[in-house]
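FYI, numbering that gives the first Met the number 0 numbers position 154 of the sequence shown as 153, with every residue one higher than the one before it.
No residue lacks a Cβ here, since even glycine has one placed at the ideal position from N, Cα and C.
These figures come from a predicted structure and were not determined experimentally.
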Amino acid sequence: MLYAGRWSTVALTPHPLLPQELVATAPNQRNWRGIILALLVITFIISMIVVSVVVLTPDDTRTPITGSRFTLEDIVSGDFKVNPFNGSWLSDHELVYRDMWGGLSVLNCESMAVRLLVSNVTFRQHKVRHYWVSSDQQYVLLAHDVRQKFRHSYLAKYTIYDVARGFSAPLTPTPEERGHPALSYAAWVPTDNVTHGRGNALVMVYKNDIYYKTSAAAETVDRVTTSGQPGVVFNGVPDWLYEEEILSNNVAMWFSRRGDRMVYATFNDSGVTATPVTYYQPSGGDTKYPAVYWIRYPQVRCAPPLLHTYTPTPVTYYQTSGGHTKYPTVYWIRYPQAGTANPEVTLWVVNLRDIGVASANDLRPPTGLKSDYYFTDVSWVDEKTVSVVWANRHQNTSHISECVDGLWYCSESHVQEQAAPGWLEVQAAPLYAADGRSYLTLQPVRDADEGRFQHISHVDVLRKQLTPVTIGAFEVLELLGWDEPKQVIYFTAVPQGTPGERHLYRVNRTTTALYRPTPECLTCPDNSTERPCLFGKTLMGPRMRYYVLECLGPDLPFTELYMLPENKLLTLLDNNTAIREKAAEMAWPQVRHLTVPLSEDQEAAVELILPPGLRDDEVTRYPMIVEVYGGPGTQQVTSRWRVGWHTYMASGRNFIYARIDGRGSGNRGQKLKHSVHGKLGTIEVQDQLKVVRKLTTEQYFIDSRRVVIWGWSYGGFAAAMALALDNRRLFRGAVSVAPVTDWNLYDSAYTERYMGPPGARGNYRGYEEADLTSRAESFRNKNLLLIHGSADDNVHVQHSMLLSRALVKAGVTFRQQIYPDENHFLSGVKRHMFTLMEDFIERCFLPPKRIIDEALEKLRKKKKID
Numbered sequence: 000m001l002y003a004g005r006w007s008t009v010a011l012t013p014h015p016l017l018p019q020e021l022v023a024t025a026p027n028q029r030n031w032r033g034i035i036l037a038l039l040v041i042t043f044i045i046s047m048i049v050v051s052v053v054v055l056t057p058d059d060t061r062t063p064i065t066g067s068r069f070t071l072e073d074i075v076s077g078d079f080k081v082n083p084f085n086g087s088w089l090s091d092h093e094l095v096y097r098d099m100w101g102g103l104s105v106l107n108c109e110s111m112a113v114r115l116l117v118s119n120v121t122f123r124q125h126k127v128r129h130y131w132v133s134s135d136q137q138y139v140l141l142a143h144d145v146r147q148k149f150r151h152s153y154l155a156k157y158t159i160y161d162v163a164r165g166f167s168a169p170l171t172p173t174p175e176e177r178g179h180p181a182l183s184y185a186a187w188v189p190t191d192n193v194t195h196g197r198g199n200a201l202v203m204v205y206k207n208d209i210y211y212k213t214s215a216a217a218e219t220v221d222r223v224t225t226s227g228q229p230g231v232v233f234n235g236v237p238d239w240l241y242e243e244e245i246l247s248n249n250v251a252m253w254f255s256r257r258g259d260r261m262v263y264a265t266f267n268d269s270g271v272t273a274t275p276v277t278y279y280q281p282s283g284g285d286t287k288y289p290a291v292y293w294i295r296y297p298q299v300r301c302a303p304p305l306l307h308t309y310t311p312t313p314v315t316y317y318q319t320s321g322g323h324t325k326y327p328t329v330y331w332i333r334y335p336q337a338g339t340a341n342p343e344v345t346l347w348v349v350n351l352r353d354i355g356v357a358s359a360n361d362l363r364p365p366t367g368l369k370s371d372y373y374f375t376d377v378s379w380v381d382e383k384t385v386s387v388v389w390a391n392r393h394q395n396t397s398h399i400s401e402c403v404d405g406l407w408y409c410s411e412s413h414v415q416e417q418a419a420p421g422w423l424e425v426q427a428a429p430l431y432a433a434d435g436r437s438y439l440t441l442q443p444v445r446d447a448d449e450g451r452f453q454h455i456s457h458v459d460v461l462r463k464q465l466t467p468v469t470i471g472a473f474e475v476l477e478l479l480g481w482d483e484p485k486q487v488i489y490f491t492a493v494p495q496g497t498p499g500e501r502h503l504y505r506v507n508r509t510t511t512a513l514y515r516p517t518p519e520c521l522t523c524p525d526n527s528t529e530r531p532c533l534f535g536k537t538l539m540g541p542r543m544r545y546y547v548l549e550c551l552g553p554d555l556p557f558t559e560l561y562m563l564p565e566n567k568l569l570t571l572l573d574n575n576t577a578i579r580e581k582a583a584e585m586a587w588p589q590v591r592h593l594t595v596p597l598s599e600d601q602e603a604a605v606e607l608i609l610p611p612g613l614r615d616d617e618v619t620r621y622p623m624i625v626e627v628y629g630g631p632g633t634q635q636v637t638s639r640w641r642v643g644w645h646t647y648m649a650s651g652r653n654f655i656y657a658r659i660d661g662r663g664s665g666n667r668g669q670k671l672k673h674s675v676h677g678k679l680g681t682i683e684v685q686d687q688l689k690v691v692r693k694l695t696t697e698q699y700f701i702d703s704r705r706v707v708i709w710g711w712s713y714g715g716f717a718a719a720m721a722l723a724l725d726n727r728r729l730f731r732g733a734v735s736v737a738p739v740t741d742w743n744l745y746d747s748a749y750t751e752r753y754m755g756p757p758g759a760r761g762n763y764r765g766y767e768e769a770d771l772t773s774r775a776e777s778f779r780n781k782n783l784l785l786i787h788g789s790a791d792d793n794v795h796v797q798h799s800m801l802l803s804r805a806l807v808k809a810g811v812t813f814r815q816q817i818y819p820d821e822n823h824f825l826s827g828v829k830r831h832m833f834t835l836m837e838d839f840i841e842r843c844f845l846p847p848k849r850i851i852d853e854a855l856e857k858l859r860k861k862k863k864i865d
């Protein structure tokens, strides 16, 4: 009875697994002597329970819990959601942002004067979701009526707002286009030349073709491309694979500094097999049939024969969304699986002053990349030179090249190769010097026996010579700026020994064989800091005179403005006052960070989120939930401030909530990260089991009999695999949300980066060992909850269905929840999902049915009940 931890429920409610006829007996069968004896026994048991409660309950008078405990409604309502800083730089000293009234204001960092650019009335009228200010600040582009497509992409209507006249006009691709069509993308063409009316040119993408408008007031629109084909050929916007795994953006266009030239990408997905995804919710019309969306999702060419029988299944949407038709809609998503054909990609450079077919030139990759390659980023060195970063399909070799006006031939200036086992991360464009003769880039650098860490390197283009600028057992995450006159480089890095922190650094570029300057941390707190910022995000000004620091942890986020080079605090931009006032009224969980040894030279980072009333000197034991992600190069244990389901379970339900970063996690060097290459689902999952076993043994307040694990996406795969490999019954159950169950079926770029190619000529054994569908027998007599959205474009519901089929075929019982018409993020069903998970976890802690049956059988034999 103590498993549930709810005394009143156990005392008053019959166990759901007890046969109902055993609850009461007929009056003529009552044994009064037995009843009196039973009452005495019950009285004794209740007395013992009361004594135990008094003895074991923490003394709240010694450590009182101040504030209200969190409820699930506090989490799903978004009352404690902190929106990211919405500002951007207009110039080297002007910052535009949404003000507290919802309007658009501009802050002059030199005078600290604020002027209103657009009132909140305009934003309310159009229900604006996004905005962009033109280079000459005469117009503002407003995005509204937004419909999300995938993680980064969306369709939206765009309106041009004239600041001086207070006039709004719809943005359309062609004058003859009636109404106000939704566009895949629209933006101002960035330029450092705002003279002669060239500061408000526009580019847009409509039906996968690019259109260019010389100015906001221009009556004509030039069509740059004509090959666009919805769902098949994409111009200026990425297809699904590049949006999700390579560019992490909704745009594939890059402009020269003066805005006269543009590079754009064309993605031809005609070679990628189309898979229909059926949506059950009709999109309009009179039909009752569901809408079908087709996804190009080719099967694995090198997979075992059985896999070739897996035909794509439609995702059906049941509920109508409006209009007259009741038929479902079919979308096609080009989705290459591991080992299958990728989209064909071409980069084009075009002169926007002379748009025409003849003016477009393709940028061809270096000779070392003849076919089956990726490009990872593009930038302009000057008006006549484009830099492109390429990678081979295996993603263990990258090429940085410069393509020069004329023939636009791309020559390599640096090639980086990653020895096995391992991979290269998606590489960003370098930071070039003003003369284009050298650049800064991030490259792995060896640090003695500690292995390789990502650091800043300087590359001489002509000599093709690379020189490390920073070195040590820490990771550089991002290059923010290069102040050439002062020879100072600004960057974001993870400090050595504290991988959960993020700070802004600067270092002198002057490096010799005998001298390497030590980086200076600009945001690291000292003992005098009132509220230390341990997890910062920096928005660097164009000329590095100012920067915005968005402090994201460990406490509630705030945003400040600093001046360089003095690193002087100028003002507080946002304190999140409204949320801060609410937060002061709540009972927040305790957070502790610790490490657990994995081997002689490797350790796991652990975060424990504890109930507010937990004390170090008490003997009460609490149930524990382990949240796992475990994806290669990712990190869960950080100093970032977070509010979520974990907050509610720790504060409102008195659960311990754990996160564990073991081998394979990021920001602690390649030695730890690359240890999972080619063998996903093994080492990182074993570390979860090892650390949980260690925690339940050494942390007295954890109830080892009440531990569950859950995860989402890659974490769903890791949670299910942990339950399958759990031979010591550490976990009473697992919740697997949107899991990958067979890596042959996931997308090519992600899977092959970490697993290599599939099939007999590739990593056949690694794919087989990571296949959850082949481990159905390992889930027998274990509690598993499988959750998936039927419209998941990232991890298709096919993954859960195949695991479900394997479990059913093996005769293994489990619970499954499919959410119709929900994608990978399950945004519309969070309340239902978390309630379901909570109920499932409570049931996991109940005694198994066989134990209850055995107890009932013993009672019958002793004739205690009839």
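Might you give, ordered along the chain, the residues of its own chain that have their beta carbon closer than 7 Å to the beta carbon of residue i, omitting 5 neighbours on each side?
i      : result
Asp791 : Ala737, Asn822, His823
Leu246 : Pro237
Arg731 : Arg705, Val706, Val707, Asn782, Cys843, Phe844
Val368 : Here residue 368 turns out to be Leu, not Val, going by the sequence shown. Excluding positions up to five away in sequence, the list reads Trp389, Asn391, His398.
Ile578 : Phe79, Val81, Leu555
Based on Cα-Cα distance, which residue from the options lies nearest to residue i?
i      : options                        : result
Leu593 : Val690, Gly765, Pro564         : Val690
Gly632 : Leu555, Pro498, Arg505, Leu722 : Pro498
Phe534 : Leu555, Met543, Arg542         : Leu555
Leu783 : Lys80, Val202, Leu771          : Leu771
Trp422 : Lys463, Val828, Ser674         : Ser674
Arg830 : Phe69, Ile74, Ser67, Ala428    : Ile74
Ser358 : Ala251, Ile455, Thr224         : Thr224
Ala723 : Glu776, Gly755, Asp702, Trp709 : Glu776
His92  : Met111, Asn85, Gly198, Asp98   : Met111
Arg508 : Arg542, Thr528, Gly496, Tyr438 : Tyr438
For residue i, count neighbouring Cβ atoms within 10 angstroms of its own Cβ and tell me buried if that reaches 16, exposed if not.
i      : result
Gly165 : exposed
Gly934 : In this structure the chain extends from 0 to 865, so residue 934 is not present and cannot be described.
Leu461 : exposed
Asn877 : With the chain covering 0 to 865 only, the question about residue 877 has no answer from this structure.
Ser650 : buried
Lys206 : exposed
Tyr699 : exposed
Trp239 : buried
Lys156 : buried
Bridge partners for residue i per DSSP, in chain order?
i      : result
Trp389 : Phe374, His398
Pro169 : Thr158
Leu609 : Gln589
Gln228 : Val232
Asn360 : Val348
Lys567 : Met562
Pro596 : Glu602
Look up residue i in the DSSP assignment and say whether it is helix, strand or coil.
i      : result
Ser437 : strand
Glu584 : coil
Lys148 : coil
Ile701 : strand
Phe534 : strand
Val127 : coil
Tyr713 : helix
Gln464 : strand
Ala142 : strand
Ignore the nearest five residues each way along the sequence and tell me which others in residue i's own chain have a CB closer than 8 Å to its CB.
i      : result
Thr510 : His457, Thr466, Pro467, Val468, Pro516
Ala582 : Phe79, Leu555
Please go through the same chain and pick out, in chain order, the residues whose beta-carbon is closer than 6 Å to the beta-carbon of residue i, but skip the five residues on each side of it.
i      : result
Phe813 : Leu783, Leu806
Arg451 : Pro443, Arg445, Gln669
Val377 : Trp253, Val262, Val387
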